[in-house]
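Below is one structure, written out as structure tokens, with a few remarks after it.
Protein chains in written order, with the numbering used here: chain A, 5 to 314; chain B, 5 to 314; chain C, 5 to 314; chain D, 5 to 314.
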């Protein structure tokens, strides 16, 4: 008996069709545009079901299946969707971006062509201060007056760099060498193609508050404006199980367990054992593992069992 | 002023040196041997510190830094260690194994050489029963009497397959074709090389109780006998933050928060909203998300707020 | 001044649309179907031009650009096209297939579902003989009479394996274990998604005459029936610059150069130096590098400068 | 009977041991140091032999086997060797470098630490001119007098950029933002770990004359000073079969064949058919495929069969 094959059409997602080629603006002169895409929520279900065979077809609804896959990190079905963007990004942001290796990239070449005449500019009220507790982050802003001075000098530096760049070109210097002193924040453009699993990984890292402000703006646009409409069931599951989930280590679980029993003494004893409660001049020292756990407790509205002073 | 470079020697880990080339037996005729390795706990610290620069050198102790990296999934420093194994594995187990794509592989070729004359055999007391609640798993064992019958037939089938294989070879049939009807559980051998980050990912998935029994035996040997001695600080962190950690989704966290406040009603209301509490004939239906959460509550010794009957 | 963005639609390739979902039959019970695709010849040009910038737009025609990219192994633009197949393949062929790591895979799971009840069968006239000069290959066929006997036994073995498999299932043995003695050539199914660059790499290796017969049938279908219609300019360039191209080593180039000058003596002297001309009992020994070069010379209709006897 | 396993020690390559940690200087302030390595020529042979089984052990000598693997692009055994470098590189060179995705990277972070106070400087006689025939290349040098002026301005720009950078830091601006206008050629440092197969791929592309001058200097050091001593048999084969090999397309082979027969007319007819011989005002136009073939003919000392004028 001949097997009958279901008819197949390329999945079309109206919301993405409507945004094809249209730029979402990011930063002062950047953008993200969807150029092409493959698949939809249904493609993930389709791929998962080849694994599970026919037997499970009726038991799972699509949403439930997608949530199950996300929860259990069954990542291969998410690789069955693919999306291609055209982006315009400052080069220093782009450097962080392409550290994500599992993607396909074609970037504007300043060996072949004259560098894009635009660098990312900072408005007087956008100079961020060095974070105190986070060596790699920023928090708060410089006062606008001081910021204004920095912005003026930034502008002058951009102009000077460009002028020197063009002078070199006019002298006949090769583009590949002339560009060497352009500022790191010079804009570049690229096609960037990635599968949904790896895109979600990118979003998890780059939408995070620890990611640098600039790349976070791109990640948020991609997540909230694009992925959310392209694969809405995946996006919902991703928020529930990844973005807004919290992981508790073995140590943290033991303390949580004590706290739920109302056993504060045991909680303190455990924390002591873990080396989390060392004091200096009567004050708790800044043990990182403990501080991070305290934050998780706060997020659950659970009272921290140790006081910060002895 | 000339920069002074520290002297560098290849890191040597005595515990691994002592096991180089020695087989750890797995299953009835399989093994895992360490053939070569690169790096140690210290290599991870070394790589992380190039990222963080000199400024942080004194602030972190090695253990603390490794735990920090593990906790925050800063995975690139773990890629700086590499290990190479020689393994002997049933082919069906090997098929699961090589689904891990980020590794280097050289496998014994049954096109070039005569297939290994060994297939994985099942003792009468090792026939596992199909799990009821887990379509892809097993639980418990067939009684030994029935098992004995299956084992006899298994042996006969192995012998017949081999006999047919050799008959074909003697008739002059090409090895690449003669092998086609060997049983899936025929042993193969391979060199398998992988970096530590990807190895941990392999171990997380394959030491898990949902992994098939056979590959789990290999993963446990690699984890508990090899990685634990090669990079003991990493292994400790991996256990605390990955193997014995637990992740709570947005939904679960909301209920946890209500439970800590002692607000059982709110917990029930949330569960209701999430669609977790549907009843059939007065009994809670088997909502998977709820069941998984119930297990996590049990692990924390927290009472489940809904009864299974209405 | 506002930048104007060109309108973008997903590229549609009529020839592929027409074949979507339709199976190309391979072997006795296998198939390949296109399930989805992204991009076309034009997408490669589009991506390449973001690298080269506007300046080059008029200088290259699409065909010329694609040929240029192929010739110079500028592979990233080819990664901008993606294709997804549904395939049915004997498991031993599938094992060779998934050694290509840069692809996305969802395979039918015989842990979740009962194994497909079909194994690849060999007709009496299809038993291939072991190649004499190529340890991993086959050449010619067993005579049909002998073949018929092997085919009967093959059939019996398939039936017995299946019977034992089903017996185990009926005894309650878990699917993941029951399957262990199915023949290697049992059929499996999978979704397989890959970008065009990596697909061409797969085709180069698997359409090659050294690839095993079975996977070659799949590769030929994919290349000649699918890729050739999906991206015809790429396919033409791939044939000219890869499939039907020939590489000459430093040594071979030196001899070629001598031959074109008509200087046979120099050619012989070079071959001597390279250690290619050792004799045993007056006959040239089977130096592999020399034999391979001789074949290349034959392909160019160039007379081999050394005789096989001294 | 118990299987006996051969003793295994980590392979040690004296020439690499001797260079461990010692910097090879590159450009004005860059370097490459070997930090760790795994494997040697012998490891490739060892891995290849697990594929080929015992049967072939005596037939191939190591050198012959390595050459065979290289010639036939059997790349997996080369993946069994791994090497780790500490490099110091201008950021714009580093950007080209990390486009090679199959590698492990830890880079100095200018979010965590103050940017390295060094930018790549150009001496008056090192300003390269834009190549005329190669849009992405350079050829020849600017005269030193003009170069001197550019070098002075370069120095001033470097000083100004650094001064502005430090001013921002002193105002409290976060490092991650303050760095945004540093020149692209600011030095960075990284650990870079890669397997030998992928390293050879890197070297093929980056030692090529079309690679930018700066990265070529790094590639040459890595190839000629390090790889050549680490795995000398591989290096020899790589030169013979890759670096100094030449590939001829289907079209080129047809013409070569005609030329060897002394049939110039057929050669011309073929070139005509391929569209290589179009004339403008009596002169051959610059067909790229033909020009590249002409170069290959010159390399073989073969006379070009068409004159450049009609």
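We put the beta carbon where it would ideally sit given N, CA and C, even for glycine.
Asked                                                                                                                                                                                                   : Found
Cβ of residue 306 of chain D less than 8 Å from any chain F Cβ?                                                                                                                                         : Protein chains A, B, C and D are contained in the structure displayed, whereas chain F is not.
Does the stretch 34-43 of chain B come close enough to the stretch 166-186 of chain B that 3 or more CB-CB pairs lie under 8 Å?                                                                         : no
Is it buried or exposed for residue 93 of chain D, if we count other Cβ within 10 angstroms and need 16 for buried?                                                                                     : buried
Since residue 82 of chain C and residue 201 of chain C should fall inside the 8 Å C-beta cutoff, what is the C-beta to C-beta distance between them, to a whole number of angstroms?                    : 4 Å
Within 8 Å of any Cβ in chain A, is that where the Cβ of residue 60 of chain B sits?                                                                                                                    : In this prediction, residue 60 of chain B scores a pLDDT of 46, lower than 50, which makes its location untrustworthy; the coordinate-derived value is nonetheless stated afterwards. For residue 60 of chain B, the answer is yes, since a Cβ of chain A falls inside 8 Å of its Cβ.
For residue 256 of chain A, tell me which candidate among B/205, B/140, B/303 and B/211 has the shortest Cα-Cα distance.                                                                                : B/303
Which residues of the stretch 225-246 of chain D have a Cβ closer than 8 Å to any Cβ of chain C? Give them in chain order.                                                                              : 243, 244 and 245
Going by C-alpha distance, which of C/272, C/236 and C/308 is nearest residue 47 of chain C?                                                                                                            : C/236
Interface residues of chain D around residue 156 of chain B at Cβ under 8 Å?                                                                                                                            : What residue 156 of chain B touches in chain D: nothing, since even the nearest Cβ is about 25 Å away.
Taking the alpha-carbon positions, what's the residue 12 of chain A to residue 20 of chain C distance?                                                                                                  : 11 Å
Quick one: what's got a C-beta closer than 6 Å to residue 27 of chain C's C-beta in the same chain, skipping five residues either side?                                                                 : 35 and 37
I want to verify the contact list: residues of chain C whose CB lies under 9 Å from the CB of residue 124 of chain A, in sequence order.                                                                : By Cβ distance, chain C contributes nothing, its closest Cβ being about 16 Å from residue 124 of chain A, past 9 Å.
Would a check of beta-carbon distances place residue 215 of chain D closer than 8 Å to chain A?                                                                                                         : no
Alpha helix (DSSP H) containing residue 83 of chain C: first to last residue?                                                                                                                           : Here residue 83 of chain C belongs to no alpha helix (DSSP H), and DSSP marks it neither H nor E.
What does residue 110 of chain C pair with, by DSSP beta-bridge criteria?                                                                                                                               : C/195
How would you write the range of the alpha helix (DSSP H) that residue 264 of chain D sits in, first residue to last?                                                                                   : 254-264
If the cut is a Cβ gap below 7 Å, which residues of chain D does residue 255 of chain C touch?                                                                                                          : 244
Between which two residues does the beta strand (DSSP E) containing residue 29 of chain B stretch?                                                                                                      : 28-30
How far does the beta strand (DSSP E) with residue 35 of chain C in it extend, from its first residue to its last?                                                                                      : 34-42
By the DSSP assignment, the alpha helix (DSSP H) with residue 144 of chain C in it spans what residues?                                                                                                 : Run containing residue 144 of chain C: none in the alpha helix (DSSP H); it sits in the beta strand (DSSP E), 142-145.
Looking at the unbroken beta strand (DSSP E) that takes in residue 204 of chain C, where does it start and where does it end?                                                                           : No beta strand (DSSP E) holds residue 204 of chain C; the alpha helix (DSSP H) holding it covers 200-210.
Please report the Cβ distance between residue 97 of chain B and residue 219 of chain B, rounded to the nearest whole angstrom; I am assuming they are in contact, meaning their Cβ atoms lie under 8 Å. : 5 Å
Using the rule of at least 16 other Cβ atoms within 10 Å of the residue's Cβ for burial, across every protein chain shown, is residue 253 of chain D buried or exposed?                                 : buried
Using DSSP bridges, identify the partner residues of residue 87 of chain A.                                                                                                                             : A/41 and A/198
Hey, is residue 295 of chain A's beta-carbon within less than 8 Å of any beta-carbon in chain B?                                                                                                        : no
Measure the CB-CB distance between residue 217 of chain B and residue 311 of chain B and report whether it falls below 8 Å.                                                                             : no
What separation, rounded to the nearest whole angstrom, lies between the Cα atoms of residue 195 of chain D and residue 15 of chain B?                                                                  : 16 Å
My output table needs one value for residue 216 of chain C: the three-state DSSP class, helix, strand or coil.                                                                                          : coil
Roughly how many whole angstroms lie between the Cα atoms of residue 128 of chain D and residue 112 of chain D?                                                                                         : 30 Å
State yes or no: is the beta carbon of residue 209 of chain C nearer than 8 Å to at least one beta carbon in chain B?                                                                                   : no
Bridge partners for residue 93 of chain B per DSSP, in chain order?                                                                                                                                     : B/192
Hey, would you say residue 231 of chain C sits closer than 8 Å to residue 239 of chain C, going by beta carbons?                                                                                        : yes
Which residues in chain A sit within 7 Å of residue 261 of chain B, going by Cβ to Cβ distance?                                                                                                         : 304 and 305
From this set, C/210, C/122 and C/89, which residue's C-alpha is nearest residue 51 of chain A's C-alpha?                                                                                               : C/89
Leaving out the 5 sequence neighbours to the left and right, which residues in its chain are closer than 8 Å to residue 211 of chain A when beta-carbon positions are compared?                         : 220, 223, 224, 227 and 247
Would residue 162 of chain D be called buried (16 or more neighbouring beta carbons within 10 Å of its own) or exposed?                                                                                 : buried
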